[in-house]
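Here is the structure we will look at, set down as structure tokens.
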């Protein structure tokens, strides 16, 4: 038997933090709520990054190189083991060719972006576009957003264009 078992045997009696038999005894219950929330955010951002990477058909190794983040660290982020800093999120966003703000929102660093976000604002503010061009761009943009929402909602079929007879 090796010396490794000493630490494991010592921890086995306090797996749930209930040394004196009471659930939660020996733990700071106020601290567990926020810690659980942080762990959820880490998993959320990780699964979001994995989803974006998968949609872009980029391997973990490719994204690692594109973003300048080590492969193991990126893997830990995707699995929710590590919560990345804003700087790392920015690098990942660059590698995925998506907005860093979208990752910041997913990670809980920024509040939700307003519907349409900066794209709608930019279209509306562009003085070189006519009102007709703005309307067409806004319609096309919104149709893409609607299509993506429908495709990402489980159990729903994306709208198919109706064939005219």
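In UniProt numbering, the protein residues as written are 1 to 165.
C-beta atoms are modelled at their ideal positions from N, C-alpha and C, and glycine is treated no differently.
Residue 82 carries a coil assignment under DSSP once its states are collapsed to helix, strand and coil. Distance from the CA atom of residue 79 to the CA atom of residue 102, rounded to whole angstroms, is 19 Å.
In this structure, the CA atom of residue 105 is about 6 Å from the CA atom of residue 111. For residue 124, the enclosing alpha helix (DSSP H) covers residues 117–125. Rounded to the nearest whole angstrom, the C-alpha separation of residue 86 and residue 77 is 13 Å. In this structure, residue 59 sits away from residue 74, with a CB-CB distance that is not shorter than 8 Å. Note on geometry: alpha-carbon atoms of residue 68 and residue 117 lie some 27 Å from one another.
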